[in-house]
Amino acid sequence: MLTEELQQHTARTIMNTYARLPIGLVRGQGCTVYDAEDRDYLDFVAGIAVNALGHGHPGLVTAIARQAQRLLHTSNLFYSEPQVRLANRLVSHSFADKVFFCNSGAEANEAAIKLARRHAFQHHGPDRYEIITMHHSFHGRTLATLTATGQTRVQHGFAPLLPGFTYAGFNDVASIERQMTPHTAAVMIEPIQGEGGVVVADRSFWATLQQLCRDRGVLLIVDEIQTGMGRTGTLFAYEQIQIRPDIMTLAKGLGGGLPIGACLATDDVARAFDPGSHASTFGGNPLACAGALAVFQALVDDHLLEHGRAMGEYLHKGLQELKSRCALIADVRGLGLLQGMELTMAGHPIVQDCLARRVLINCTRENVLRFVPPLIVTTREIDRLLNVLSDTLTKRLSRVGSRHAHRAHDTRSSIRTEPAPGPALGFDQGVDQGATLSVGDTGDIQL
Ligand code: PLP
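Numbering (this note's numbering), first residue to last: -4 to 442.
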C-alpha cells in the first residue's frame, strides 16, 4: 500500500488516538527508514527511543530468527531459558536482585505501583498506599499510570481516577516533602522528564530526595522506561545521579523494537509479590527476551554503550553550537542520546520542515524538539541533522523578522532550565517547576 492508501485505511479502521505524520514506513536499515514510496529518511525518532540498535541490526535479527524457530511462546506456568538469562543480565548490571517481565512501559509501571503498595501494606498496614509523582511527568496510559502521570491533559475525561496519588514539583525536594504523609508508600520519578520536555534535575536534588525517602521509609521508584538501556550514556541513568532506587522500570530500548517491559527491585521489596499477586500472559516471552539479550550483547559486550555516550556528547555540543547562533533556540539540554532543544516558537512546524528534508525528529511539550536516534548513530548522521536544523531554523528566523529576533535573543527557556555549563554528561541543570510553560510566543510567526 502507498502512503495515501495507508492513511485512508487507517482513518477507516483504526481508532483515532494518534496525530500521525503523513508518511507510511515500510523498512529500515541502520539509522535510515524508507517509506511506502521508497523515499529514505534519517531517523532521529527511533520509535521514540526504542530502536537502540537501529534498524535491521544483524545480531538482533539473527537472535529473533533463531528463537522464532526454536520456541516462540510458552506460558509462565513453565521455566524459560531466555527469560532467566535476561533476568541474570539485568540484575548483574543493576542495583536490583529480582525482575518481573511484562510487555510495555505502562505495564512495568503498573507492576511497580502494585509492588510498592503491597510492600507498604505488608510492612506498615493498609493505610500506607500513596504514591507521589511529579508535575509534567509521564508514566503511561493505563488508568493507574495516567493517574500517576502529572499532566491533566492526559487524564482529561477519564475520571474517576485511581485514588492514592499526589503530585510534587520535579527538582523540588521541599515540594515532595510537603506531599509526604503517614500514607506515603513511594515516590515515583523519571531521571529525565522525556515527554515533559527533556527536563534534567540537578544532582543535589537526587541526593536529598534519596535521603528523604530513606528517612521516611518511603520507596524510591525510578522510571527508566525512556532513559534506560544506554540512552543517557550509561546503562541506566540512575548510575549518573548516584542514587540507589528500590524499584526501577524499563521498556522502550530494552527489546530494541520488540515489545518488552520489566520491573526490577531489591530482594526486600520484591518479596512483597508471591504467586498469584501479579502476572502477564506474554511477560518474559522467549522471543522478546531473546531480542533483549541481543540488545545487551551489543550494548555491553560489543561496547555500543561507549559509542552512544560519545555520540551523545557530539550531538549535545553540536546543538549548543547551533543555539549560540540561532535566536529561535531558548535552551539545549539532555544526557547522552536523549537531547532536547527548546524553541521560542512552536516545534511542530520545525518537525514538518525537517520531514520535508527527510529527517525525522519529534516534538514534546509543544516547543521542545527531541532527538533520540539509535545508539549506533554516526557523527556523519549527526552532522546531517545539525545542517538540516540550521537551515530550517535560519529560514524560519528570516521569515519571523528582526523584531522577533531581538525579542527571541532575550527569551530564556520558558521552563526556566539553566543551560548546562559542562559537557553533556552530568546532572547539573536546574529547573524551576513553579514556572509555567508558554508557547504563545508564535504570535508574529507565520506557521
Ligand atoms: N514512562 C516513561 C518515562 C515513558 O517515556 C513512557 C512512554 O513514552 C512510558 C512510561 C509508557 O510506556 P509505554 O508507551 O510502553 O506504555
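C-beta atoms are modelled at their ideal positions from N, C-alpha and C, and glycine is treated no differently.
Note that this is a predicted model, so its numbers are computed, not measured.
Tell me which same chain residues have a C-beta within less than 7 angstroms of the C-beta of residue i, skipping the five on either side of it?
| i | result |
| --- | --- |
| T377 | The identity of residue 377 in the sequence shown is Ile, whereas the question assumes Thr. Excluding positions up to five away in sequence, the list reads M306, Y309, L310 and G313. |
| T12 | none |
| L157 | L138, A139 and T142 |
| A63 | L282 |
| E105 | T137, A139 and T140 |
| Q117 | A267 |
| G191 | H131, S132, F133 and R360 |
| M10 | none |
| I220 | G100, A103, T244, L245, A246 and K247 |
Are residue i and residue j close, meaning C-beta to C-beta below 7 angstroms?
| i | j | result |
| --- | --- | --- |
| G225 | L300 | yes |
| T339 | L323 | yes |
| A111 | A246 | no |
| D30 | G42 | no |
| A47 | G248 | yes |
| H131 | G152 | no |
| A202 | F165 | no |
| N362 | G331 | no |
| R84 | F291 | yes |
| L204 | V149 | no |
| G329 | V193 | yes |
Just how far apart, CA to CA, sit residue i and residue j?
| i | j | result |
| --- | --- | --- |
| H404 | G54 | In this prediction, H404 has a pLDDT of 45, which is less than 50 and means its spatial position is unreliable; nothing more can be read from the coordinates. |
| E316 | C349 | 19 angstroms |
| F160 | I127 | 6 angstroms |
| A115 | P77 | 32 angstroms |
| A293 | L81 | 14 angstroms |
| A400 | V383 | Any reading at A400 must be qualified, since the residue scores a pLDDT of 48, below 50, and its modelled position is unreliable; no value is offered. |
| E337 | A6 | 32 angstroms |
| V346 | A14 | 13 angstroms |
| M263 | G120 | Note that residue 263 corresponds to Asp in the displayed sequence, not to Met. D263 and G120: Cα-Cα distance of roughly 16 angstroms. |
| H68 | S199 | 45 angstroms |
| F90 | D33 | 45 angstroms |
| L207 | T373 | 41 angstroms |
| A351 | L380 | 13 angstroms |
| R353 | V295 | 32 angstroms |
| R391 | C321 | 10 angstroms |
| A257 | G100 | 8 angstroms |
| A285 | S75 | 11 angstroms |
| F277 | V45 | 19 angstroms |
| S275 | C97 | 6 angstroms |
| K109 | P344 | 41 angstroms |
| R375 | V28 | 16 angstroms |
| R394 | A325 | 18 angstroms |
| V21 | L66 | 27 angstroms |
| D218 | I255 | 15 angstroms |
| V79 | A60 | 19 angstroms |
| E(-1) | S385 | 30 angstroms |
| A415 | E234 | For A415, the predicted model reports a pLDDT of 33, less than 50, meaning its position is unreliable and no value from the coordinates is stated. |
Can you tell me which residues form a DSSP beta bridge with residue i?
| i | result |
| --- | --- |
| T128 | Y162 |
| M183 | I216 |
| L384 | In the DSSP output, where bridge partners are listed per residue, L384 has none listed. |
| R22 | Y29 |
| M(-4) | Bridge partners of M(-4): none, in fact. |
| L253 | G251 |
| Y36 | V28 |
My assumption, with CB atoms under 8 angstroms, is that residue i sits in contact with residue j. Please give the rounded CB distance.
| i | j | result |
| --- | --- | --- |
| M243 | L259 | 5 angstroms |
| G303 | G189 | Going by Cβ atoms, the distance from G303 to G189 rounds to 16 angstroms, so no, they are not a contact pair. |
| A58 | A289 | 4 angstroms |
| R239 | A180 | About 18 angstroms separates the two Cβ atoms, so there is no contact after all. |
| L333 | I187 | 6 angstroms |
| T147 | E185 | Between E185 and T147 the Cβ distance is about 18 angstroms, and since that is not below 8 angstroms, they are no contact. |
| L388 | L37 | Contact flag wrong, Cβ pair sits at about 17 angstroms. |
| P17 | Q2 | 7 angstroms |
Return the chain-ordered list of same chain residues with a C-beta closer than 6 angstroms to the C-beta of residue i, the five sequence neighbours on each side being excluded.
| i | result |
| --- | --- |
| N357 | V40 and R365 |
| G49 | G25, C26, P369 and I371 |
| V327 | L314, Q315, K318 and M336 |
| K93 | A260 and A265 |
| L(-3) | A31 |
| A107 | I216, I242, T244 and C258 |
| G135 | G100, A101 and N104 |
Hey, does residue i have any beta-carbon neighbour from chain C nearer than 7 angstroms?
| i | result |
| --- | --- |
| I242 | Although the question refers to chain C, the structure presented lacks it and comprises just one protein chain. |
Can you find the residues in the same chain that come closer than 8 angstroms, C-beta to C-beta, to residue i, ignoring five residues on each side of it along the sequence?
| i | result |
| --- | --- |
| R211 | M175 and T179 |
| A446 | The question about residue 446 has no answer, for the chain in this structure spans -4 to 442. |
| L214 | A111, H114, A115, A180, A181, V182, C208, D241, I242 and V264 |
| H273 | F95, A106, K109 and L110 |
| A287 | L81, L249, G250, G251, L253 and I255 |
| E172 | L207 |
Compute every distance between the C-beta of residue i and the non-hydrogen atoms of ligand 3, then say whether any falls below 6 angstroms.
| i | result |
| --- | --- |
| A287 | Among the ligands present in this structure, namely ligand 1, ligand 3 is not found. |
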